[in-house]
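Presented below is the structure to which this report refers.
Numbering (my numbering), first residue to last: -4 to 243.
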């Protein structure tokens, strides 16, 4: 009787033990399942975070690139505007300079000039000397033979040629110009005459070459200002030309 009761008690204890083990196993499995789920959730969260970060980086890079492009475009526009402004200023300055130049009166051509460009003044007007019948009637310019002689003022040739162009052999080859204002100019001792009576000449036009013909002690140009075309009407040529703005 006693042994049978013991067997039942042992069996119950054994069943309780197995039940506890099974319960514990179920608990462990449940815990393991929860852990696996948590791990999966964490992995998904990490992946989402990584994707979001990459997207943010890409957006930032695109924004930076767009900002740089906008800055470059703005710089180009500003440079173009500056260039346009400078071009406009240059054009306006050029236009103003041209207008100022156009407003200025044209430089008036010289009315009277020296009969030769490079010279040394030698015998003067009214100077006494054995080379002349009386006082010297003109102004001498010491220049080499062949020096270009020009009309000191525009006019008409009234005398040209040898024998002083009619004023006597002492003058050698000579030219006389009528300036149409009551004055005449005479050029003497020429080596060559390049004009003829009746020819109209302009101020500064070549009319002859200097020389040493006639009553001359060396190559030079004898120049006179007269009140008529003939000998004996000469006036001081230096004083006359000075009044016309020509300095000897």
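No residue lacks a Cβ here, since even glycine has one placed at the ideal position from N, Cα and C.
Note that the coordinates shown come from a computational prediction; the quantities given were computed from them, not determined experimentally.
Exercise. Would you identify the three-state DSSP class for residue 131, choosing helix, strand or coil?
Key: coil
Self-check item: Cα-Cα separation between residue 114 and residue 222, rounded to whole angstroms
Solution: 25 Å
Self-check item: From 116, 121, 199, 198, residue whose alpha carbon lies closest to that of residue 139
Solution: 116
Quiz item: What distance in whole Å lies between the Cβ atoms of residue 203 and residue 188, which are believed to be in contact at a cut-off of 8 Å?
Solution: 5 Å
Quiz item: Considering only the beta carbon of each residue, do residue 152 and residue 196 sit closer than 9 Å?
Solution: yes
Practice problem: Answer yes or no: do residue 287 and residue 186 have a C-beta to C-beta separation smaller than 9 Å? | Solution: Residue 287 lies beyond the residue range present for the chain, which begins at -4 and ends at 243; the question has no answer from this structure.
Practice problem: Along the alpha helix (DSSP H) that carries residue 238, what are the first and last residues, could you check? | Solution: 232 to 238
Quiz prompt | Coarse secondary structure for residue 142, derived from DSSP in three states | solution = coil
Quiz item: What is the DSSP secondary structure of residue 226, reduced to helix, strand or coil?
Solution: coil
Practice problem: From the DSSP output, in three-state form, read off residue 243 for me. | Solution: coil
Self-check item: residue 184 beta carbon less than 9 Å from that of residue 209
Solution: yes
Exercise. Figure out for me which residue from 193, 160, 201 has the closest Cα to the Cα of residue 181.
Key: 160
Quiz prompt | Residues near residue 190 by beta carbon distance below 8 Å, same chain, minus five either side | solution = 152, 155, 170, 196, 202, 203
Quiz prompt | Spatial distance of residue 129 from residue 239 (CA atoms) | solution = 27 Å
Exercise. Please go through the same chain and pick out, in chain order, the residues whose beta-carbon is closer than 7 Å to the beta-carbon of residue 237, but skip the five residues on each side of it.
Key: none
Exercise. Report the residue from 120, 71, 77 whose alpha carbon sits nearest the alpha carbon of residue 231.
Key: 120
Practice problem: Give the straight-line distance between the Cα atoms of residue 84 and residue 77, rounded to the nearest whole angstrom. | Solution: 11 Å
Quiz prompt | Environment of residue 135 [buried if 16+ CB atoms lie within 10 Å] | solution = buried
Quiz item: Can you name the residues that DSSP bridges to residue 219?
Solution: 181
Quiz item: In three-state DSSP terms, what is residue 158?
Solution: helix
Self-check item: Where residue 80 falls, given that 16 or more other Cβ within 10 Å makes a residue buried
Solution: exposed
Quiz item: For the beta strand (DSSP E) that contains residue 165, what are its first and last residues?
Solution: Counting along the chain, residue 165 falls outside any beta strand (DSSP E), and DSSP gives it neither H nor E.
Quiz item: Is the beta carbon of residue 143 sitting closer than 9 Å to the one on residue 172?
Solution: no
Quiz item: residue 93: buried (16+ other C-beta within 10 angstroms of its C-beta) or exposed?
Solution: exposed
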